[in-house]
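Q:
Chains as they are written, first to last, in our numbering: chain A, 1 to 287; chain B, 1001 to 1329; chain C, 2001 to 2255.
1) Would you list the residues sitting across from residue 1035/B in a DSSP beta bridge?
2) Looking at the C-beta of residue 89/A, does it have a partner C-beta in chain B at a distance below 9 Å?
3) Does the Cβ of residue 16/A lie closer than 8 Å to at least one heavy atom of the ligand HEM?
4) Closer than 7 Å, Cβ to any Cβ of chain B: which residues of the segment 69–89 of chain A, in chain order?
5) With burial defined as no fewer than 16 other Cβ atoms inside 10 Å of the residue's Cβ, what is the status of residue 2108/C: buried or exposed?
6) May I ask you to list the residues that DSSP assigns as paired with residue 2221/C?
7) Looking only at its own chain, which residues have a Cβ that is under 8 Å from the Cβ of residue 87/A, when we skip the five neighbours before and after it?
8) Can you name, in chain order, every residue of its own chain whose Cβ lies under 7 Å from the Cβ of residue 1066/B, other than the five neighbours on each side?
9) Thinking just about the alpha-carbon of each residue, which of 2212/C, 2244/C, 2234/C, 2235/C is nearest to the one in residue 2224/C?
10) Any beta-carbon of chain B closer than 9 Å to the one on residue 2073/C?
11) Measure the alpha-carbon distance for residue 10/A versus residue 207/A and round it to whole angstroms.
12) Against chain C, which members of the segment 1041–1057 of chain B pass a CB distance test of less than 8 Å?
13) Around the Cβ of residue 287/A, are there at least 16 other Cβ atoms within 10 angstroms (buried) or fewer (exposed)?
14) With distance defined between alpha-carbon atoms, name the residue in 1163/B, 1297/B, 1131/B, 1068/B nearest to residue 1216/B.
15) Output yes or no for whether 9 Å exceeds the beta carbon distance between residue 40/A and residue 1295/B.
16) With DSSP as the reference, identify every bridge partner of residue 2081/C, one or two as the case may be.
17) Mind listing the chain C neighbours of residue 1175/B? Cutoff is C-beta to C-beta under 9 Å, in chain order.
18) Could you check how far apart the C-beta atoms of residue 2131/C and residue 2161/C are, in whole angstroms? I think they sit under 8 Å.
19) Buried or exposed: residue 1143/B, going by 16 or more other Cβ atoms within 10 Å of its Cβ?
20) For a test of the three-state rule: what should DSSP assign to residue 287/A, helix, strand or coil?
21) Mapping DSSP to helix, strand and coil, what is residue 1142/B?
22) If you compare alpha carbons, which of 265/A, 260/A, 130/A, 258/A is closest to residue 223/A?
23) Give the residues from the segment 2124–2155 of chain C that approach chain B closer than 9 Å (Cβ to any Cβ), ordered along the chain.
24) Would you say residue 1040/B and residue 1199/B are within 9 Å of each other, going by their C-beta atoms?
25) With a 10 Å radius around its C-beta and 16 neighbouring C-beta atoms as the bar for buried, classify residue 285/A as buried or exposed.
26) Answer yes if the segment 204–218 of chain A comes into contact with the segment 249–259 of chain A, meaning at least three C-beta pairs across the two stretches below 8 Å, and no otherwise.
27) Whole angstroms is fine: what's the gap from residue 2030/C's alpha carbon to residue 82/A's?
28) Starting from residue 1196/B, find everything on chain C with Cβ-Cβ shorter than 9 Å and list it in chain order.
29) Does residue 2243/C come out as helix, strand or coil in the three-state DSSP assignment?
30) Is the segment 177–184 of chain A close to the segment 38–55 of chain A, with three or more CB pairs under 8 Å?
31) Name the DSSP beta bridge partners of residue 16/A, please?
32) Compile a chain-ordered list of the residues in the segment 2190–2220 of chain C whose CB is closer than 8 Å to at least one CB of chain B.
33) What number of angstroms, rounded off, separates the C-alpha of residue 2125/C from the C-alpha of residue 2133/C?
34) What would DSSP say about residue 2017/C, mapped onto helix, strand or coil?
35) Cβ closer than 9 Å: which chain B residues qualify as neighbours of residue 117/A?
36) Give me the chain B residues within the contact set of residue 2163/C, using Cβ-Cβ distance strictly less than 7 Å, ordered along the chain.
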């Protein structure tokens, strides 16, 4: 029973990070219909910036995360302006290839700047606490709490502020949004910034319990794709729910089935879903 | 002068160059690199047939390459089969797995297809990496035998391996050329162009897409088997996305959907990265952005760029000479 | 009556795009389908040519039920179509675009391709001859070695016709064949459509340009909100109360 609870909490932790990354991916997909393969690289850069800010600049963990959010957010915007914007009317293979080019570049750059080693990120929240008989590190509690806070804030931003609602409007109907005078360029920039910021937060939160290395984004991004396909491409609640579902499935699967193959769960899930429903679970069908 | 430089002569000169290369250059290292380049090019041709000519961007080709390599490795090392039988079986096994995956993967389109195949690639990697009792996992598979002699011809020296690879390579290029220029190739191109239109022209898109997919996995598997027979040691990293992305880079830089693209891209990048030693680990610092820039400014890569300017130049020429002298491009 | 639909219905989710449409296409005639934007005309085409399966109803071609046939099978039976957007391959020549049109009448497979068999060579010849023939018929012989990217919109429409004709059809379905071309060129295309009918082909087209339809069509069906509201000769349609109402009420009499 205790093991199960422990695993459920682990699932909650992993799921929180998955949800954050998937949210960014789904927002970008929602407004531009681009599967951004470079999103995992943003996640990786987010981890490194936070780490570097802490070890080289001596910033506090929280401050380092703030810097990371800004840097990765801007990087994400740069990507939109320089690459995806010029390619917006191109055949579908091109934006994917372009994104892969960026991904390869950022990974090589990270390796050049910071080396290929696996690095540990220190955290001021290393102590162990006891909650309801469970032994947890404070960092894990922080991950869950911070992720949920970020999601609530994002939800409020998208639903209750004017600028946030323009994102929703554009996701629902791009032409319509342009017709009612929404500046689609601005919305795209904003969305990419948010996506980058979410990736940076996700990476920074999880790095102290995982590791920082150039390839750290590979599995996460692929799982985020799985999540948004499960949750419906472009759907915000779908990304959150999907993230937690995958988090729980993985942590339970790792304990009760095989920890070696836990990473396969997501991909097998996706293969099954897309084999049965080639246009995703929540496709509108027909034309 | 112009007459001498027609397409056929250029091809003949290139083949001649490839044949005499071991005599001009005694450096074993270069021979090794060229042999590898031929092998990679075959895999890129596989990818190009599907992505370039049929319009389906598969991100699982590193995985299929690895299935071919492990197919050969396991059949020889663990199965105790002879090299040539294994060499024949490995691409066929890859094809069979490709057929099953293709049946499902091809129900999806565009980005769903890309994500689907990326996941397939990952699963192949994870299976190879984790299934230690079969694949030896991260330790890798060692002791893959060299090709057995055929009659008096042995394949133990690097030069012999080079020629063996060259022969298979030329055969592959010929086959690809014939496919692309046949009605089958035209059918693939019609599908890439518009599936809806192809369907309404009576083309069974399902059947033809599957054919293209299976063929492309065959070439990936063939390249993998050749790689395993040449390097004679393989590890799970050959199934990783890095390989898929390498193949993709070679294809895009050379020219997606062109016949010369895979050769140009693969050789250019491999030779460049060999000559710029500092680039070894960081070559993607240059080729990553190059990939992105090319896809924005010259979507059909270097070869596409040249073809475009060549045809523009020809159009200009056409305007100055009497029309009846210009026949067939 | 070469082709008949019986109570054809198509629903997309909760929307009914085509509702209970029974219609017959007359052999060797120019049959037209008109209606305001969003009336379900293109969907109706897509149902007949197998792009979408109908929700209810049946389609018969020469007495054979073809309701559930896939699009490529329907094309093989002799039903060809064009699309509103021509979907041509811009970087290839007109000729190369059209050659593949005859592919469905050939049998060469991968084996033939790799070994360049006699059958492949023979069939390639047939395809090329067919391409030349339909390019000649559509008046494109002079641009056949030009890149599609470099020809005019009207010529692209003709290439689309040529492609459809290369399949050796008995009926051609033309989805807004003159959309996006100027009045003079529309006239030219109308002549070509007439020429197709004179050759014995059955033509069925969707059109917005009223004047052209009235002079071209032998028979017209009017769709509105997915339902058939009238059917008859151009004279009858012109004076049909319901049609006039639909067009005035719909607000988009011509586009």
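Cβ coordinates follow ideal geometry from the N, Cα and C atoms, glycine included.
A: The short version:
1) DSSP lists no partner for residue 1035/B.
2) no
3) Looking at this structure, you won't find the ligand HEM or any other ligand, since it has none at all.
4) 83, 86, 87
5) Buried, since its Cβ has 16 or more Cβ neighbours within 10 Å.
6) 2033/C, 2231/C
7) Excluding residues within five positions, the ones whose Cβ falls inside 8 Å are 94, 95, 98.
8) 1124, 1128, 1224, 1238, 1239
9) 2244/C
10) yes
11) Answer to the nearest angstrom: the Cα atoms are 15 Å apart.
12) none
13) Any reading at residue 287/A must be qualified, since the residue scores a pLDDT of 31, below 50, and its modelled position is unreliable; no value is offered.
14) 1068/B
15) No, the Cβ-Cβ distance between residue 40/A and residue 1295/B is not below 9 Å.
16) 2173/C
17) 2113, 2114
18) Contact doesn't hold; Cβ gap of about 13 Å is too wide.
19) exposed
20) Residue confidence for residue 287/A is low, a pLDDT of 31 falling below 50, so the modelled location carries little weight; the figure read from the coordinates is stated next. If DSSP states are grouped into helix, strand and coil, residue 287/A belongs with coil.
21) In the structure shown, residue 1142/B sits in a strand (DSSP, three-state: E or B).
22) With distances taken between CA atoms, residue 223/A lies nearest to 265/A out of 265/A, 260/A, 130/A, 258/A.
23) 2124, 2127, 2145, 2147, 2150
24) Contact flag unset, no.
25) Unreliable placement is indicated for residue 285/A, whose pLDDT of 39 sits below 50; the coordinate value is still reported in the next sentence. Flag for residue 285/A reads exposed.
26) no
27) 51 Å
28) Chain C residues near residue 1196/B: 2051, 2071, 2083, 2087.
29) helix
30) no
31) Paired residues: none, contrary to the question.
32) The segment 2190–2220 of chain C vs chain B, Cβ under 8 Å: nothing.
33) Between the alpha carbons of residue 2125/C and residue 2133/C lies a distance of about 12 Å.
34) Correct three-state label for residue 2017/C: strand.
35) The premise fails here: residue 117/A is roughly 13 Å from chain B at the closest Cβ pair, so nothing lies under 9 Å.
36) 1201
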